[in-house]
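Peer 1: Dropping a structure here in structure tokens format, bear with me for questions.
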Amino acid sequence: MSIFDWTKYHMPVLQYFKEQAKKEKILKDKNIGIVLHLEKKTAILIEAILDSGANVYCASCNPLTTDQSAANYVKELGAEVYAKEFESEKEYVEFLQKIAEKDLDAIIDDGADLIYLLHEKEFANKNLYGACEETTTGILRAKQLEATKRLRFPVIAVNNANSKRLFDNVYGTGESAIAGILNITNLTLAGKVVAVFGYGQCGKGIAKKLKGLGAKVIVVEVNHVDTFGYSGIHKALEAYFEGYEVMDSISACKKADIIITATGNTKVVTEKHFNVMKNGIILANAGHFNVEIDVEYLEKNATSKREINKAIKEYTLNGKKLYLLADGRLVNLAKPYGQGHAIEIMDLSFSIQFLSLQYLIKNHDHLDNKVINVPKDIDITVARKFLELKEIKIEELTTEQKAYLKTSH
Ligand code: NAI
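Residue numbers (numbering that gives the first Met the number 0): 0 to 408.
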């Protein structure tokens, strides 16, 4: 069994929906641009889309997250690939440009870089059905286009489906961010003080797994209301009742051995934080872009820097050593150590992607140029199929219970 057969074997939900799509031929001859972390699970999603009759043009959504074996695999299956392991930022931009130039019917994006590129003047006459967006940051950016009435096509908020956000962001990021840190550093987390910045979906998962491994967890939150109307103040309270220490960012930086950012925000850890950190601190980011830790400041102001391994960079600042993992990019996906989320988690997320793409192609005529939620029935169908294939049964409501629940007292 090859590693790709292994991955496919552990993505039975996607395989089920692929067989359906092949029969219905919804994707036949459609041109699909795919800009996702080009790793093994993504290769299986691309295979499902190709097998359903589409043409695929793909690139990675981050310069550090292409797995060369996955890129080779989909190339052999017939996808046009514009990505390579350890591509430069310049190559990353050029590759995205190549995808944007294709005659696309629809795209799948992660972080909205391609969505934004397709809004630039040179692509203004492109006429595509729309996009499916994978992550929190991408949805936020698409909503900014919508709010300023610039959004030129519908964007399906795949991230916001329950079958994605409640599992991928929480358990997926929780496990894989920690796996990334362990693989890169080969250090234990037990006994260490780890500050998690952002107690949203991803931060919650990271904190939970850290606790399980014996770390002393600190949570840093901020007074910000997310797109679901859930305030950072309540998140701080939730973290407190979960048993974590909750404090402001400077206090956390004074105590922490490791800092992990997962905010989707910019300049979260900056000069004022570096100045109070302990000697030997480890800095990692799990948020989408490499802007949460002020890497630019470190690059400009460090008195010396050196590479410990391909994913640990040592900066000397005011006589102290700071260790930055994966250049401040996604620590769970950055090569050579990151493998991304567990396969089963991505079976859920990519089944939602696959069905959302079909929904977009089938319904584009009557979708507005807005950020649109994944239809409830798709969300439920994927979760139900996952449970069914695991032979997990849930209860059915009795007629009496249904009537009771509808009763208002
Ligand atoms: P979320 O909106 O649920 O949580 C973000 C949290 O950060 C919020 O609670 C917010 O109040 C808090 N926050 C914002 N600015 C802050 C600051 N300056 N200090 C402390 N807390 C702050 O978002 P979610 O879904 O957890 O995503 C977070 C980031 O992770 C996004 O960039 C998203 O795209 C990315 N992501 C990464 C994944 C990975 O594989 N590493 C997987 C899924 C999402």
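Here a beta-carbon is modelled for each residue, glycine too, at the ideal position from N, C-alpha and C.
#1: At a cut of 8 Å, does the region 279-299 reach the region 226-236 through at least three beta carbon pairs?
#2: Let me check you understand the geometry: is the CB of Phe196 closer than 6 Å to at least one non-hydrogen atom of ligand 1?
#3: Secondary structure at Asn168, three-state DSSP: helix, strand or coil?
#4: Quick one: measure Cβ to Cβ for Tyr128 and His365, integer angstroms, because I've assumed they're closer than 8 Å.
#5: Between the Cα of Thr269 and the Cα atoms of Ser248, Ile257 and Gly137, which residue gives the shortest distance?
#6: Determine the contact status of Leu26 and Ser162, defining contact as a CB-CB distance below 7 Å.
#7: Tell me which residues share the same chain as Lys7 and place their Cβ nearer than 7 Å to its Cβ, disregarding the 5 neighbours each side in the sequence.
#8: According to DSSP, simplified to helix, strand and coil, what is Thr41?
#9: Does Cys57 come out as helix, strand or coil in the three-state DSSP assignment?
#10: Would you mind working out which of Lys101, Ile106 and Asn368 sits nearest Gln143, comparing C-alpha positions?
#11: Using a threshold of 7 Å, state whether the C-beta atoms of Leu396 and Ile377 are closer than that.
#12: Which value, in whole angstroms, describes the spacing of the CA atoms of Lys21 and Gln357?
#13: DSSP three-state call for Ala123: helix, strand or coil?
#14: Ala235 and Val245: beta carbons closer than 7 Å?
#15: Whose C-alpha, out of Asp108, Lys24, Asp4 and Asp167, is nearest the C-alpha of Ile360?
#16: With DSSP collapsed to three states, give me the class of Thr136.
#17: Output the boundary residues of the beta strand (DSSP E) element that contains Thr260.
#18: Look up Glu291 in the DSSP assignment and give the residues it is bridged to.
#19: Taking only the alpha-carbon atoms, compute the straight-line gap between Glu100 and Asn308 and give it to the nearest angstrom.
#20: Applying the 10 Å Cβ sphere with the 16-neighbour rule, what's the burial state of Phe152?
#21: Measuring alpha carbon to alpha carbon, tell me which of Ile45, Tyr91 and Met276 ends up nearest Gly318.
#22: Since Tyr322 is in the beta strand (DSSP E), which residue starts that stretch and which ends it?
#23: Which partner residues does Ile342 have in the DSSP bridge list?
#24: Kindly provide the ranges of any beta strand (DSSP E) runs that are 3 or more residues long and lie completely inside the region 188-224, ordered along the chain.
#25: Given a threshold of 16 other Cβ atoms within 10 Å of its Cβ, counted over all protein chains shown, does Ile31 qualify as buried or as exposed?
#26: Hey, out of Ala141, Leu404 and Glu86, whose CA is closest to Thr64's CA?
#27: Under a Cβ-count criterion, where at least 16 other Cβ atoms within 10 Å of its own Cβ denotes burial, should Asn278 be classed as buried or exposed?
#28: Relative to the C-alpha of Gly263, which candidate in Arg328, Ala251 and Ala69 has its C-alpha closest?
#29: Nearest to Tyr243 by alpha carbon, out of Phe196, Lys266, Ile280 and Lys253?
#30: Taking Asn61 as the reference, which of Val154, Gly77 and Asp109 has the closest Cα?
#31: May I ask you to report which of helix, strand or coil DSSP gives Arg383?
#32: Which stretch, first to last residue, makes up the beta strand (DSSP E) that contains Tyr314?
Peer 2: In brief:
#1: no
#2: yes
#3: helix
#4: About 11 Å separates the two Cβ atoms, so there is no contact after all.
#5: Ser248
#6: When the beta-carbon positions are compared, Leu26 and Ser162 stay at least 7 Å from each other.
#7: Gln14 and Ile43
#8: helix
#9: In the structure shown, Cys57 adopts extended strand secondary structure according to DSSP, grouped into three states.
#10: That would be Asn368, whose Cα lies nearest to the Cα of Gln143.
#11: no
#12: 11 Å
#13: coil
#14: yes
#15: Lys24
#16: helix
#17: Ile257 to Thr260
#18: DSSP, once it has assigned bridges, lists no residue as partnering Glu291.
#19: 37 Å
#20: buried
#21: Met276
#22: Lys319 to Leu324
#23: Paired residue(s): none; Ile342 is not in a bridge.
#24: Whole beta strand (DSSP E) segments, 3+ residues: 192-196 and 215-219.
#25: buried
#26: Glu86
#27: exposed
#28: Of the candidates Arg328, Ala251 and Ala69, Arg328 places its Cα closest to the Cα of Gly263.
#29: Phe196
#30: Just measuring C-alpha positions, the residue of Val154, Gly77 and Asp109 sitting nearest Asn61 is Asp109.
#31: helix
#32: Ile311 to Leu316
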